[in-house]
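Q: This structure is in structure tokens; I'll ask about it shortly.
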Amino acid sequence: MRKLATALFVAAAFGAGVTHAQTAAPAPGATTGPAARTTGTQGTGAAVAAAAAAPTTVKAVQPGLLEAAGPRVTEVAAAGIQKISAPAGKSVSVQSPWGASTFGWPKGVKPVAFTITIAKDAKTATIDAPGFTEANRADYRAAIDAVVPIAIAKTGDAKAAKEHTRR
Numbered sequence: 008m009r010k011l012a013t014a015l016f017v018a019a020a021f022g023a024g025v026t027h028a029q030t031a032a033p034a035p036g037a038t039t040g041p042a043a044r045t046t047g048t049q050g051t052g053a054a055v056a057a058a059a060a061a062p063t064t065v066k067a068v069q070p071g072l073l074e075a076a077g078p079r080v081t082e083v084a085a086a087g088i089q090k091i092s093a094p095a096g097k098s099v100s101v102q103s104p105w106g107a108s109t110f111g112w113p114k115g116v117k118p119v120a121f122t123i124t125i126a127k128d129a130k131t132a133t134i135d136a137p138g139f140t141e142a143n144r145a146d147y148r149a150a151i152d153a154v155v156p157i158a159i160a161k162t163g164d165a166k167a168a169k170e171h172t173r174r
């Protein structure tokens with residue numbers, strides 16, 4: 008038994024450098040293996056920033072709604088969200104290419120009904136809020152400011168799960 012253990016130890020010691028040698032690094036610009044499926048900007052938000060820089064035409068169904076929504080609609084389009092449906096008093100639903108997600112209204116925010124829809128070209132957005140008036144503009148602004156970041160985070164989670172890029 009000792010001879011077998013010694014032989015295995017010696018073989019492992021001499022063969023370890025050969026059997027576990029690393030392969031040479033790929034040449035710069037090589038496009039094979041896992042590196043070909045990632046980019047140097049992956050995880051940096053560069054894609055979101057680039058999409059946010061692209062012009063998005065926003066159509067508000069009710070007058071004054073565009074000013075209340077602010078830049079949030081552009082953020083929605085940049086995140087790849089196709090639609091946010093926020094009915095008053097019910098769960099908020101988000102649709103994206105990576106799946107649908109649902110969450111409750113954030114605490115401390117008055118639930119007001121609104122829908123943000125992004126066209127397939129991601130260059131046109133429509134905001135609809137049937138109950139919007141100048142008197143409740145602050146409620147809509149607060150609701151959109153609270154719901155959109157959560158929707159973007161949920162979409163990011165769905166995208167990561169779909170593409171298996173969780174960290």
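Position 56 (the sequence shown) corresponds to 63 in our numbering; numbering is contiguous. Just so it is clear, CB atoms sit at the ideal spot from N, CA and C, and this is done for glycine as well.
Per DSSP, what kind of secondary structure is Thr162 in: helix, strand or coil?
A: Looking up residue 162 in the sequence shown gives position 155. Of the three classes helix, strand and coil, the one that applies to Thr162 here is helix, per DSSP.
Q: Could you say if the segment 66-75 and the segment 111-120 meet the contact criterion of at least three C-beta pairs nearer than 8 Å?
A: The segment 66-75 vs the segment 111-120: no contact.
Q: For Gln89, which option in Glu74, Ile134 and Ala153 has the closest C-alpha, if you only look at C-alpha atoms?
A: Taking the sequence shown and counting its residues from 1, one reaches residue 89 at position 82. Of the candidates Glu74, Ile134 and Ala153, the one whose C-alpha sits nearest the C-alpha of Gln89 is Ile134.
Q: Mark Gly87 as exposed unless 16 or more other C-beta atoms lie within 10 angstroms of its C-beta, in which case mark it buried.
A: Sequence index remark: in the sequence shown, residue 87 carries index 80 (1-based). Gly87 is buried by the Cβ-count criterion.
Q: Taking the alpha helix (DSSP H) that Thr81 belongs to, which residues open and close that run?
A: Counting from 1 along the sequence shown, the entry for residue 81 is found at position 74. Arg79 to Ala85 is the extent of the alpha helix (DSSP H) around Thr81.
Q: Within the same chain, show all residues whose beta-carbon is closer than 8 Å to that of Ser103, passing over the 5 residues directly before and after it, in chain order.
A: Working through the sequence shown from its first residue, we reach residue 103 at position 96. Cβ within range, chain order: Ala86, Gly87, Ile88, Gln89, Thr162, Ala165 and Lys166.
Q: Once the 5 residues before and after Trp105 are set aside, which same chain residues still bring their CB inside 6 Å of it?
A: Mapped onto the sequence shown, residue 105 falls at position 98. Same-chain partners within the cutoff: Ala165, Lys166 and Lys169.
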